[in-house]
Structure formats: structure tokens, C-alpha cells
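Following: one structure in C-alpha cells, then a few remarks.
Numbering (full-length UniProt numbering), first residue to last: 1 to 584.
Here's what the structure looks like:
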């Protein structure tokens, strides 16, 4: 089968192929008019050596007698670029036309990792389009080896069907009839076969990404339990959760966000448990995100779907542990995976959810409760210990007789409030320095912080001992907070309470704490109270927050999630103990 060309004309160097058929004349004519208008507006500002936006720029065809050449194609999406250079989004039947469009849109002659390999199989010209860093060499070699054995007589008149059905031995293969879709799939790691005289392409999913293996998250370490954690590869992350939840109701919806990055975002939920109204709200917000891209992955997506403004408190919960995510899915939460990020968002969440750690559920209920209470005390100390101590120093009369030992016996050269402020800034500086300090130099940094800063500052009289002591206790409580985002937000509230105490003393502390609780109660995580089950009060749920219950006692899911199926275990059918033992 040989396609008859209806229109063909000579080209000058650097010009595009004229329209291939009369049917495309209107679109190509409109494009040429747009070119001329853009060139007239550009004037002398665009030189012949400039490029268009991204890799989609290039030389444009000037009108008759016009010597001005310059970039006129500016597009935000692949679809717009293809419509400009190819007149439509159809795959050209001539391989040369496909090459020219790909050259302008993708720039495979300019980027060393974009490959367009031309070959002949069974007497038919074939173009293989892929990215060098994503293609899996072993699988591609097997496919090409098989195709090299083709003879002309073995191809049916429909070469595309023969290639697709018989001669490409791979699992994930599909036919695509839109050039923009082919390019998007190749940029995501696929490989495409363009066949001469065919208006469709064959795309094979033979991608492989550079990635690390699952490792235990550094922020969520446990003594007992799994040691695997999420990575930067989306497929690996969803597989780690699927391994723990072999439920056919577990759904993974994929959405691409960003006009340029086209980042894969996955919404995970169990359809017979989750509140589908909540899933639809999350899906709608993600699809409505009109962004150029998500280069910073989940944090940028969080700002899009939550839109909390300047609120420092996290309204979603992050985790890098597959077991924690699986447990949240069973409780009816919605989970959001973002490609290239090892952190996973879970929503809705509460203040008390952010205070829980996986280690509590890896121990016995008694020890889990003990660890939970110690953690609550640490979080409480990180918020209120410094303001309370400074208030007792400023107002010694409010101290009960049993607490007369509290307070500095010798005063330093600086006021107490200024000491706290400088110490807080110093801890933040050391924390940031520790992040950027190589591991071999971490010990040296600790010595500098402990000896040269802390001890010498006390000996010179800049700080008093009690300030360093209580600040250290506060820092330990902050580091004991499971959620890193929550610990940073608590630090800001602590500083504000210190300012309120310094300015207004007792009324400042009382009003500050009251406003703090009111502010948290007004926060909403996807139309759910942030302080649940404290506000609104739920006695049973609050008891479960304060005390880690045995597994057999947790028969229902939290009402906070408004789940469709609220039961975790079937009701007891016997009048016995109901602990799963056989009745005799």
C-alpha cells in the first residue's frame, strides 16, 4: 500500500513542509497568518539565532519577499506546539513529516538523550522514538531482534495490526492516534514505533527509572516492625501499599498535574469504606489545578488542594511508611501519592493524629499508652514550658511555695525574654546547619554548639543556666513530636506566647492560650474539625486517643472520617466472651 501525495512543493532551507492535503489547508493557512502577525509584532527584536520557548522554538517560514526570520511559536503545552507545527494533532503518514514535527516540538537533534532511530522491517520504514535514559535496554533489544526477522511477504496490508498483534512480544503495548499523546507517553518513559503510511503509532511501556531501594524512613524509625519505606518512584510506592492491602476495593486513580511537568498524582482509597464525597472533592481540586508544574512534588500540591494561606499548622498528615498508609486507608482516609516524592499525604487529619507514632502500635497496649503519654508531655512542654517559666520569673508572686526554687538565682546581662529569643534563633540556626553539614563534620558541629556556644555563653554572663536547661527540655519535646511540620508550627506559637507574656504578663498568657485553642478549633481539614475528638467532644474517641487500645477492642472506625462502612470487625454472634475463641 502506497499513499499518493496530493500536494508537495519545494522547500527552502529551514522551512517547514507545506500542507500535505487540501483538507488541512484552512488550518495551515490560519497558522501562516498567525506567523506573519507574530513576526510583524516581533519586528527587529527577534534575531535569527534565537529559539522559541522551551524546545519547541525554531525557524519559521516568512512570507514572500520578507527577509525577517525569528521565533514566533510560543506555547504552554505540547498540544499547542503540535497544532502550530503540524496543523493538527494527527500522526503524519509520512515518516519525514513526523521527524520534522518532532524536531521542532521535542528537539531530538538538540537533546542528546532524545533518540529517533530509523530502521526498516519487512520492507517498511519504521521510526523508533524514545528517551535514552528511560528505555530498558534488555526489553528493547528483544523486541528489535524479533522485528529484524520480518520479511516483506510476512506483513499484511495493515502493517500496524501485524506489528501490534504478532511481532512485538511485550505485555504493555497500545495503539495511539494522537501525536501529543505519543510524545507525552515517551516523555514519561515509553517507546514509540512510527510506521510509514500509518496514521497510528505503537507505544510500548519499557521504561525504567533511576531510583533507590526501599529504606527505613529517617523520621519514622521503629524498634520493631517493617524496615521498608517509600521511594521517589510512584509505582514502587503503590506496590508497597498493595502488598499490605490485598483488597479488591483498593483503588488507584492517576491524574497528571502541570502543563509542563505533567507530574503523575495518584489518589488512593478503599471504595466501600471511604466517603466518596470527600474523594470527589479531592479529585476535583487536583484536576482544577492550573499550574505550570510540580517540581517540588507533594508540598506544592498540598498548597493547591488545601489552600491554607499563612496558616503554619499542617492540615494533612505525611508519612513515608507503607504500614502507616495502609492503616490510614483502612480507617477511611484518602491518600495522595505524588511521583518523585517519598512522602505520602493522608487526609483528613487532626491535631492528635499528628501526635501519634507507629512505634506505639508495635508495643503492648500498656507500653504503647505509656509512650503516647510521654510524647504528649513532650509536645505540651515544647509549647508551654518556656512561657510558664518566664511568667514565674517576671511575676514571682504567682509561684506556689512548693515551686519557689524555680527562677534564676543570679541575673544575666541580658533580659530573660531576649535570652530566650536569642537561644531560639540559635537552635534554629544549629538545626539548619545540621541539615547541610556532612556526616563526618556532625560531631564537630555538636561540640561547637555544646561547648563554644552554650557553656561559654553561660560563663560570660550572657545567659543563665536555667534558660539553657528549660530550652533544652523544650527542644527535646519538639524533636519528640512525630510530625516535623507540627513541631515547626508549635515553635512559632511558643515564640508568640513568649512575646505575649513579656508584654502583658498573666493576661497575655491566658489570652494567648485561649486564642490558640480557638484558632485550632476553627481550622478545618476537608470540612472536619482539627481538634476532634476534643472539639467537638467525643468521649469514646478521646479515650482511644489517650489510651492505646488492644486490637480486638477497636471494632469501629473513627466517625471523624464519615466512612460508608463503620465496622472493622463483625459483631459478636455468641453470648460468650467475644474474643474469637471457640465456645464449648
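For glycine and all other residues, C-beta sits at the position ideal for the given N, C-alpha and C.
The alpha helix (DSSP H) that contains residue i, what's its start and end?
i           : result
residue 300 : 298 to 306
residue 510 : 484 to 522
residue 95  : 95 to 105
residue 326 : 322 to 330
residue 282 : 276 to 287
residue 201 : From DSSP, residue 201 is part of no alpha helix (DSSP H) but of the beta strand (DSSP E) over 201 to 204.
residue 244 : 234 to 244
residue 587 : Coverage of the chain is limited to positions 1 through 584, which leaves residue 587 absent and any answer about it impossible.
residue 139 : 137 to 148
residue 375 : 365 to 394
residue 80  : 78 to 86
From which residue to which residue does the beta strand (DSSP E) around residue i run?
i           : result
residue 530 : That residue, residue 530, is in no beta strand (DSSP E); it is neither H nor E in DSSP.
residue 474 : Residue 474 -> not in any beta strand (DSSP E); alpha helix (DSSP H) instead, spanning 465 to 479.
residue 417 : Premise fails: residue 417 lies in the alpha helix (DSSP H), 416 to 436, not in any beta strand (DSSP E).
residue 601 : Here the chain has residues from 1 to 584 only, and residue 601 is not among them.
residue 127 : 124 to 131
residue 557 : Taken as a continuous stretch (DSSP letters only), residue 557 belongs to no beta strand (DSSP E), as it is neither H nor E.
residue 458 : From DSSP, residue 458 is part of no beta strand (DSSP E) but of the alpha helix (DSSP H) over 456 to 459.
residue 346 : 344 to 347
residue 186 : No beta strand (DSSP E) holds residue 186; the alpha helix (DSSP H) holding it covers 179 to 187.
Report the rounded CA-to-CA distance for residue i versus residue j, giving the unit in angstroms.
i           : j           : result
residue 279 : residue 269 : 8 Å
residue 277 : residue 76  : 33 Å
residue 425 : residue 519 : 25 Å
residue 382 : residue 422 : 17 Å
residue 201 : residue 266 : 27 Å
residue 560 : residue 182 : 44 Å
residue 71  : residue 90  : The predicted model places residue 71 with a pLDDT of 48, which falls under 50 and marks its position as unreliable, so this point remains unresolved.
residue 306 : residue 264 : 18 Å
residue 428 : residue 419 : 14 Å
residue 189 : residue 212 : 17 Å
residue 517 : residue 475 : 22 Å
residue 226 : residue 217 : 10 Å
residue 298 : residue 337 : 8 Å
residue 96  : residue 210 : 33 Å
residue 488 : residue 515 : 19 Å
residue 310 : residue 523 : 12 Å
residue 568 : residue 228 : 26 Å
residue 445 : residue 467 : 21 Å
residue 185 : residue 205 : 8 Å
residue 565 : residue 199 : 49 Å
residue 437 : residue 453 : 17 Å
residue 242 : residue 469 : 47 Å
residue 170 : residue 187 : 19 Å
residue 219 : residue 485 : 12 Å
residue 240 : residue 532 : 30 Å
residue 140 : residue 271 : 38 Å
residue 99  : residue 134 : 20 Å
residue 289 : residue 301 : 9 Å
Which one of the options has the shortest CA to CA distance from residue i?
i           : options            : result
residue 106 : 81, 118, 96, 95    : 81
residue 361 : 517, 398, 548, 375 : 548
residue 292 : 274, 310, 256      : 256
residue 86  : 93, 321, 101, 552  : 101
residue 238 : 163, 448, 322, 175 : 322
residue 151 : 551, 124, 540      : 124
residue 83  : 540, 184, 199, 179 : 179
residue 104 : 93, 121, 120, 79   : 79
residue 562 : 399, 290, 274      : 274
residue 403 : 411, 389, 325      : 389
residue 339 : 370, 295, 349      : 295
residue 259 : 439, 287, 93, 281  : 287
Do residue j and residue i have their beta-carbon atoms positioned less than 8 Å apart in this structure?
i           : j           : result
residue 345 : residue 318 : yes
residue 334 : residue 347 : yes
residue 391 : residue 509 : yes
residue 458 : residue 358 : no
residue 332 : residue 477 : no
residue 462 : residue 414 : yes
residue 376 : residue 498 : no
residue 303 : residue 283 : no
residue 408 : residue 473 : no
residue 341 : residue 232 : yes
residue 395 : residue 251 : no
residue 558 : residue 539 : no
residue 164 : residue 176 : no
residue 136 : residue 236 : no
Check whether the region 122 to 133 and the region 178 to 198 are in contact - that is, three or more C-beta pairs closer than 8 Å.
At 8 Å Cβ cutoff, the stretches touch.
Sufficient close CB pairs (3 or more, under 8 Å) joining the region 343 to 356 to the region 472 to 482
Verdict: yes, contact present.
Is it true that the region 360 to 378 meets the region 491 to 504, where meeting means three or more beta-carbon pairs spaced less than 8 Å apart?
Too few Cβ pairs lie closer than 8 Å, so no.
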